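Reviewing the structure listed below.
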Amino acid sequence: MGFLQSPTAGFLFNSARMLRRGAWGAWLLSFALLTTACGQNAPSGNVNEQAIAPKRLAAFESHDLLVLRPVNPAISVPAADFMSVDGAIATPALFKDHWTLFYIGYTFCPDVCPTELTALAGLLPQLQKSLPDVHWQIVFLSVDPERDTPKRIADYVHYFDPKFLGMTGTRAMIDKVTQPLKAGYRVSPHAPGDTIYEIDHDTAYRLISPEGKMVAILPSPHDPAAMDQALVRFFKEVVQ
Amino acid sequence: MKRFLIGSVLISMSGMAAAAPVISEAWIPEQPPGAMASAVFLDMKNTSDKPEALVKAAAPGFKEVQLHKSIEENGMHKMIEQKEIAIAPHGETKLAPGGFHIMLIGPEKALVAGETVPVTLSFADGSSETLNVPVKKRPMMPMMKH
Chain A
1 MGFLQSPTAG FLFNSARMLR RGAWGAWLLS FALLTTACGQ NAPSGNVNEQ AIAPKRLAAF
61 ESHDLLVLRP VNPAISVPAA DFMSVDGAIA TPALFKDHWT LFYIGYTFCP DVCPTELTAL
121 AGLLPQLQKS LPDVHWQIVF LSVDPERDTP KRIADYVHYF DPKFLGMTGT RAMIDKVTQP
181 LKAGYRVSPH APGDTIYEID HDTAYRLISP EGKMVAILPS PHDPAAMDQA LVRFFKEVVQ
Chain B
241 MKRFLIGSVL ISMSGMAAAA PVISEAWIPE QPPGAMASAV FLDMKNTSDK PEALVKAAAP
301 GFKEVQLHKS IEENGMHKMI EQKEIAIAPH GETKLAPGGF HIMLIGPEKA LVAGETVPVT
361 LSFADGSSET LNVPVKKRPM MPMMKH
């Protein structure tokens, strides 16, 4: 796999694959050559605004599905209303002008959520370095509105990185978003008023485009270096 | 300071001849302010020929202390409460992120790195040990099984 770490070798490898795909591949190759000529820091158009080309998303093949799974066709995040400590948040407007890594969890979570949020806090500066044109945004949706107030969520996520955005909403709004994104969770049965209960939940990071579409899933366990490499390639082949 | 010394020595409250499990690498990750749950991670070594098990953990200053296991199944994280955590004869059981842990629920005050928490572990053979577990910041690179 070492040769894939070299951008040039990776490019040649991908180019050869594209050529085998005939006319579409040739078009993509010329496009790739054009963007390469312009340099990595000069993408065609603004990566934080432009819509994803469905054909480029469809053509993307992950080198490791355990690191990044493209979602093809992309899944639109429905319109829903949430609350953060700074006020109301609406999807899909939340995603505009950003590329978002979206994670669901709950602050009562002693083990996995802190682990995943720590990994995100480590990944973010890496991504800002390797994809400097991209405006990154980390969004944590608490699926535990019974116990998680916007204040508690903000205190929790800001501990890992003050730039993280934490929010929650009514059960109906949470489900409106988590269902189509296939971000499963299950609240363990508990008596009303009982404050000690667990929530099983999906641990993947979901990549959401500026137009509010989920285009990839990064499942756990999360290795920041592997995710960084996979996302750089995804942006090169699908976005820029 | 006195408490620190007592904890460091690991007092065996009742374990007579039976060799109590050897505990090492105990730590509690510092949690965000207001977090309602934390965890104790540690290694338990059974030096005897008999199966051993951690059956109970207790710590002052928490509403509840439970034994748990985190598991990952089809991309889904679950926590399952454990009646006991077994240690095979001459074996080792690690309580580590993403697996077994002692769950500390409802702290009276936030746990900050540098503090210690006296945690009492009770084992199936009737022995128990109290150790002062340090609160530490989580490492940036999570130690997870691949």
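Quick note, the sequences are listed as chains A and B, same order. Residue numbers are given in the numbering used here: position 136 of the first sequence equals residue 136, and the series is strictly consecutive. Take any residue in the second sequence, note its place counting from 1, add 240, and you have its number in the numbering used here. Glycine is no exception: its CB is placed at the ideal position from the N, C-alpha and C atoms. Since we're looking at a predicted model, the values are computed, not measured.
Unbroken alpha helix (DSSP H) runs of no fewer than 4 residues, entirely contained in the segment 195–239 of chain A, are found at 224–234, following chain order.
The shortest CA-to-CA distance from B:D283 to any of B:K334, B:T356 and B:V373 is the one to B:K334.
A:H135: not part of any alpha helix (DSSP H); DSSP gives it neither H nor E. Assignment of beta strand (DSSP E) within the segment 253–294 of chain B, counting only whole runs of 3 or more residues, yields 262–269 and 277–285 in chain order. Beyond the five residues adjoining it in sequence on each side, A:V232 comes within less than 8 Å, by CB distance, of S130 and L131 in the same chain, given in chain order. Residues of the segment 306–339 of chain B whose Cβ lies closer than 9 Å to any Cβ of chain A, in chain order: Q306, H308, S310, E312, E313, N314, G315, M316, H317, K318, M319, I320, E321, P337, G338 and G339. DSSP links A:G166 through a beta bridge to A:F140.
Between A:M83 and A:G169, the C-beta spacing is below 8 Å. Residues S62, H63, D64, V67, L68 and L218 of the same chain have their beta carbon placed closer than 8 Å to that of A:A230, with the five preceding and five following residues left out of the count.
Of the candidates B:A259, B:P261, B:A326 and B:G274, the residue whose Cα lies closest to the Cα of A:R152 is B:G274.
In the three-state scheme derived from DSSP, where H, G and I count as helix and E and B as strand, A:I89 is classed as strand. Under the three-state reduction of DSSP, A:P73 is assigned to strand. Under the three-state reduction of DSSP, A:Y185 is assigned to strand.
The closest CA to that of A:E211, considering only A:D202, A:S76, A:G122 and A:G166, is found on A:S76. Contacts with chain B at 8 Å (Cβ-Cβ) include A:E198. Using a Cβ-Cβ cut-off of 8 Å, A:D155 counts as an interface residue toward chain B, since at least one Cβ of chain B sits closer than that to its own. Taking 9 Å as the cut-off between beta carbons, the residues of the segment 108–125 of chain A near chain B are F108, C109, P110, D111, V112, C113, P114, T115, E116, L117, T118, A119, A121 and G122, in sequence order.
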